Structure formats: C-alpha cells, structure tokens
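Reminder that position 138 of the sequence shown reads as 207 in the numbering used here, one-by-one numbering, no gaps.
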Amino acid sequence: WVARALQQARSPLTGILHHSDFRPFQSNLMETLRRLSAEYLANVLHHIQVKQASYESRLWQTATMLRSTRRRSLGEIPTLSNPTQFVDDRWKQLEIVVRRAETTTFQEFVEIARNNFVQILYGKPEDMVGIHVISYFLSRTLLSVRDRPGIRPTRETGGERTRQIVERLSGTLPLATHGTLLRAIEHNKSQTFVLGFNQLSTGVFRAIKEFIDSQGQRSERIELLQKFVFPFIPVRDLLKSLRLYHDPELTYTRRVARSFPPGNSAIRVLEEDNHVIAEILPLLQQFLIYQQGLGIAKIGENGYLEPKYLRYVRPDLAVLMQKDLFNTDFDSFLESSTLTPKEKAEFQQEFSKRIIIKNVRAQMWQLLENPISEQVRSFMELALAIKTLQTDRQVVRVGEATVSKSQIAKLGVQVNELLRNVADDSMRQFLITAVQFLMHLPESMEEIPAEVFKALRDVEKILKLEEEALTKPQQKYLIFLFFKIARTAGESG
C-alpha cells in the first residue's frame, strides 16, 4: 500500500522536474545536466525530446480552444445596446484553458494580501516610507549584475518638471502613493537575497491569518482557502523561497529598522506577518502534500508524511514536506531513514543550502550594515524634516538655533555638485527637488531654522555614503558572495 500511495503522486517525486513556476525549464535543466554522467545525460536528452514533442501536440490542442476568443470582424465588437455580446462565451473558454474561474473568495484574499504587501513595503502615507527604502539603498550599494538598469527611471517628463516644487516633492513621497523605486529583479535581489525577508511571501501569512479570522467559522474559512485560493497561488515556490532565504529572526531588517522613527506601521505589520508564519505554515505544507496527490491517510501522521517515507521523495520536495520547514539538522532526518550513500549525499546537499546562504549573508552584512543604516537614517530624517517644513513654512515650530543664508547657500552649492554624479531616477529627482525646496525657504523666512541646514546635511550624507560606502574590491567581494548565494540556491540562471 505504501508503493501504491506513492505511485498516485501527480508530479514526479524523483528525477528532473520543472522546480519553479517562476524559472524557465531550460534554466532548471542546465542546473541539473551539469552533474550527470554521459550515460544519464544521453537518456535525459532523449526523454526531453519525447516530452517536447508531446508538449507541442498538447499545445496545439489547447490553441484550438482559443480560436473563437478573438474578434475577427466588426460585427463581433460589443455595442452600447449589447455591451456583453460574445464576451461571456469567450471568457468561459479562457477559464477552461487556464483552469481557473474568478471567485469572490479569491478576490477577497487578493485584496487583503495586496493591502498587507503595500503596507509592509511602503508604509501608510503618514509613515512616508516602509521597508522598501532599505531595499533601495541596498540595490544602489551593490553592483548591478545585469546589462539593464535595476533602478526605475524618473516618471517626470521635461514639461512636468516645471511644476511647483511642493507638488514635485509629493511625486516621490509618501511611497504608499508613489510605489516602488526599483525594478522587480533588483527588488527581489535586495530584499530576498540580502535582507533575508522573502519578497514572494511578503504579507501573505498575515493575509491568510486575517482571512481565517474574519466572519465565519475557522474550519469553513480554511476550507475556502484550500478550495479557492491555495490552488491558484505558487505554494511550492513560496515554501521553497522561505526555506532557502527567510530569516525568522529578521536579524538584519531589525538592525536597520532602528533607523526608522518610532511608530512606523510598516515595521509593526512586518513583525506581525513574521510572527504568524509558524501558525500558517502547516496549512501550506499540507496543501503541498495534497497537491502532489499522495495518499496521506496511509503514509502520514497529523497531516504530514511520516519521516521514514520522505526518502522516496526528491530532496528539494522532502525538505518542504518535513514538519519543521526551517530544519537544517540532517542527522535527525537520517535517524528515521535508511539512505544509500548517493541518496545521503543528495539530501545533505539540500539540507546544507540554507546554512550556506545564512553564513554568506552574514559576511555580506559585515560590510553593509553601517553604510546602509546611515543612509536609511539620513533619508528618514530628511523626509520627516521636509514633511514638517512643508506643512506650514511660516509658523512651523522648529529648534531654537538659526543659521545664516550664506551657510545655506554654501552647503547648497556643495550638494548640487554631488548630485551631478547620481544616476537619473526617482530618488535623484526627489533629492534635487528637496534641495530646491530647502534653498527656497530662506527667501520666505525671516529666521532660518537649523532644521533646514540639517536637512541639507542629510542630503549630503546620503550622496557621500553612496560614493564612499564601499571600495571597489569590497563591491567585487559582495558580488562574489551574491553569486555564491545564487549558485547555492540554483538560481544562477
């Protein structure tokens, strides 16, 4: 019965598999082929050729279902009198192909997850920024590993730059309304790889907890998740990225977060999201086991596979199905399994990945912690100072000390010189506009508050830290460590 239960699996439990919904088949394949002997390599390549022919045949069969989903004539275009003409039938056909129909349950969950994601990364409008600002400065400090820019260009055009200074400042802050300053790959590199806070699952666990605790019985809400939500989110990829990259202690996030002012809601929601991971993980792990089609009633206990049967599962799947997702103790796993030397080596390699990534990340932060913390602190002080001064430039209550206009002018010239060497992106435009705003204030104030001078100093510090944070050898060493993490995780493709 054990053999029958394992044979019922819906996806291969051993061998080469498309391991991720977000990695191309070729990338995963090349990571595996490099380790095969000539005999195994020949067999695998033959198998791939057969599977590709089968896939092409099924692709053409699926494509025939889509023929009637295109508007082929003007007569098929919906009219004002009948706006849904032909649309419903086409939509149903598309749902059949992608095997998913929209439900109110799924939409409810997506909205909850989106709100949590946005609040953690960007904070609320009153917070000005969220965790994303850490990722931004990490990305600026690390050398680019691609031939395309990782920083999003400014959204302003030449004509738009003639707007009033105050309006332009609001184009970048708060981040809750402006959005990301990075492209997706740089965001993932900084947050997931370096910071140790998994981007793919950001806000997901708090969203699941919030969904379960809303109206209705807990068991009914969990059943809704299992039927209408979990089948349409990348559960295996989510668990895999958590297993490899997530730092349950949020070690480096908490250190840099000391630079945030007290009461920032992004930090609070992040801590809540991290806290409920242990409670929600079993639901996702048990769904993964169900997704593989395993007969858990015969070979499982408390919703998990019995440890002695994990040896029959691919190592990358087995580590996701063990009761403690973050377990790195291979000896305790070995106690309940009898492995051949080859199997033992494969499992040891999989168990060691998380340890290697953790150690390499610690080496990276020996170089990164001070400059990143200082940049984040200076940016937060600058953002809050501008917010305060912008509220009411005439009656704002500031410190007792004042500075002269000549001091402001001299420092402004120095900062503008530094800005010439900064890449053109949303942050550069924000800093330029901030300097213009601060330089303009003395014209409308009889006494210039010291906060204006301090804010200009913050801009200067941000720019100098970006130039002087790391030497060229240190930057190259960081890239070496980054690629070591990518190679360990099998993400070098």
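Where is the CB? At the ideal position from N, CA and C, for every residue including glycine.
Since this is a predicted model, take the numbers as computed values, not measurements.
Per DSSP, what kind of secondary structure is residue i in: helix, strand or coil?
i       : result
Leu-307 : helix
Glu-190 : Per the sequence presented here, residue 190 reads as Leu, with Glu not at that position. If DSSP states are grouped into helix, strand and coil, Leu-190 belongs with the helices.
His-116 : helix
Arg-383 : coil
Leu-539 : coil
Leu-374 : strand
Leu-207 : helix
Leu-251 : strand
Lys-427 : helix
His-256 : helix
Lys-278 : helix
Ile-358 : helix
Glu-560 : coil
Asn-184 : helix
Lys-413 : helix
Gln-268 : coil
Phe-329 : coil
His-315 : coil
Met-197 : coil
Gln-391 : coil
Gln-286 : coil
Arg-446 : helix
Arg-337 : helix
Ser-213 : coil
Ile-441 : helix
Leaving out five residues before and five after residue i in sequence, what residues of the same chain have Cβ atoms less than 7 Å from its Cβ?
i       : result
Val-445 : Val-202, Ile-203, Phe-206, Val-325, Ser-328
Ala-276 : Phe-178, Ile-181, Ala-182, Asn-185
Gln-295 : Phe-356
Leu-350 : Leu-394
Gln-417 : Phe-399
Leu-313 : Lys-422, Arg-423, Ile-426, Ala-558
Short of 6 Å in beta carbon distance, which residues of its chain neighbour residue i, apart from the five on each side in sequence? Order them along the chain.
i       : result
Thr-172 : Phe-297
Tyr-191 : Gly-199, His-201, Leu-244, Ala-245
Phe-299 : Phe-356
Ile-346 : Phe-274
His-315 : Asn-267
Thr-210 : Ala-538
Hey, out of the options, whose CA is closest to residue i's CA?
i       : options                            : result
Glu-422 : Leu-352, Ile-117, Pro-351, Glu-560 : As written in the sequence, residue 422 is Lys, which differs from the Glu given in the question. Lys-422 has its Cα closest to that of Glu-560, out of Leu-352, Ile-117, Pro-351, Glu-560.
Arg-323 : Ala-253, Ile-336, Asp-385, Arg-312 : Ile-336
Ile-291 : Phe-175, Leu-539, Lys-120          : Phe-175
Ser-208 : Leu-251, Arg-183, Pro-194, Ile-189 : Leu-251
Ala-182 : Asn-267, Phe-274, His-116, Leu-453 : Phe-274
Met-449 : Leu-436, Val-187, Met-197          : Met-197
Ile-358 : Val-119, Gln-188, Ala-387          : Ala-387
Leu-389 : Lys-413, Asp-400, Glu-419, Lys-377 : Glu-419
Lys-392 : Thr-407, Leu-374, Tyr-378, Leu-408 : Leu-374
Lys-545 : Met-433, Leu-453, Thr-457, Glu-438 : Met-433
Ser-288 : Arg-305, Leu-308, Leu-352, Glu-340 : Leu-352
Ser-447 : Gln-435, Lys-411, Glu-535, Thr-407 : Glu-535
Ile-424 : Gln-435, Ala-558, Glu-340, Leu-379 : Ala-558
Asp-306 : Ala-452, Tyr-109, Gln-360, Lys-411 : Gln-360
Asn-371 : Gln-354, Gly-362, Val-382          : Gln-354
Is it buried or exposed for residue i, if we count other Cβ within 10 angstroms and need 16 for buried?
i       : result
Glu-537 : exposed
Pro-384 : buried
Lys-541 : exposed
Asn-267 : buried
Phe-549 : exposed
Asn-257 : buried
Glu-195 : exposed
Gln-188 : buried
Taking only heavy atoms of the ligand MN into account, decide whether any of them is closer than 8 Å to the Cβ of residue i.
i       : result
Ala-276 : With respect to the ligand MN, the structure shown offers nothing to examine, as it has no ligands at all.
Touching by the beta-carbon criterion (3+ pairs, under 8 Å), the segment 255–263 and the segment 331–348: Too few Cβ pairs lie closer than 8 Å, so no.
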